[in-house]
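Just so we're aligned: 139 in this note's numbering is position 63 of the sequence shown, and the numbers increase by one with no gaps anywhere.
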Amino acid sequence: MSTSRISGFARNFVTVILFLIGSAAFSQNAVYDIGNYVRDIEVSQNFYTSVFGFEVVMRWDEMEVSEDGVDYKTIPHKGVYMRDDNGTHLEFIESGNPENYREVQEPINHFAIRVDDVEQTIDRAIEAGAKLAIPVSHIRIGSLNVRSGFVFGPDGERIQLVEILEE
Numbered sequence: 077m078s079t080s081r082i083s084g085f086a087r088n089f090v091t092v093i094l095f096l097i098g099s100a101a102f103s104q105n106a107v108y109d110i111g112n113y114v115r116d117i118e119v120s121q122n123f124y125t126s127v128f129g130f131e132v133v134m135r136w137d138e139m140e141v142s143e144d145g146v147d148y149k150t151i152p153h154k155g156v157y158m159r160d161d162n163g164t165h166l167e168f169i170e171s172g173n174p175e176n177y178r179e180v181q182e183p184i185n186h187f188a189i190r191v192d193d194v195e196q197t198i199d200r201a202i203e204a205g206a207k208l209a210i211p212v213s214h215i216r217i218g219s220l221n222v223r224s225g226f227v228f229g230p231d232g233e234r235i236q237l238v239e240i241l242e243e
């Protein structure tokens with residue numbers, strides 16, 4: 077894979093808004109969501125709901141912003157918030173300027189989604205418009221035993237698909 081493609085992906089994935097929240101019930105921090113600027117909200121929403129089964133939690137066309145918590149101003153800000161069955165959240169924000177949205181997306185390399193069957197999921201992803209990035213391989217690292225492959229999503233984001241194998 078070319079360096080420019082990797083660097084292009086890296087730029088493509090960071091508004092990775094990784095809100096770390098403290099939970100009194102669990103006494104630990106957790107990843108709250110992963111955010112990404114996209115060219116077309118509809119394309120990204122359809123891809124992640126049809127291929128990976130994410131459900132739409134909320135959509136919006138604008139947001140209210142305040143520096144002091146009192147005086148708010150409304151700004152255009154089109155987005156969608158989705159989650160999977162395990163509570164993982166993805167946030168996609170439609171960029172008003174596709175030429176520079178990649179500048180704020182560095183330095184994420186990929187994100188991984190656990191699946192039941194990596195080959196079937198890759199086939200569904202390709203049918204939905206994804207491009208194969210790295211073919212399926214078997215990986216063992218310590219006690220981790222998986223089958224894994226990568227696809228490029230609708231905006232070039234690199235998605236690792238992970239099938240956990242029994243020992």
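C-beta: ideal position from N, C-alpha, C; glycine also.
- Residue pairing by DSSP puts H165 in a beta bridge opposite R159.
- If you ignore the 5 residues before and after E118, its C-beta comes within less than 7 Å of no other C-beta in its own chain.
- Distances from the alpha-carbon of K149 to those of V194, P211 and E138 put E138 closest.
- Annotation for N221: the continuous beta strand (DSSP E) segment containing it runs L220 to F228.
- Between the stretch 160-174 and the stretch 202-210, the count of C-beta pairs closer than 8 Å stays below three; the two stretches do not touch.
- The shortest CA-to-CA distance from H153 to any of D193, N122 and S171 is the one to S171.
- Taken in chain order, the whole beta strand (DSSP E) runs of length 3 or more contained in the stretch 193-223 are 207-217.
- The three-state secondary structure of F123, taken from DSSP, is helix.
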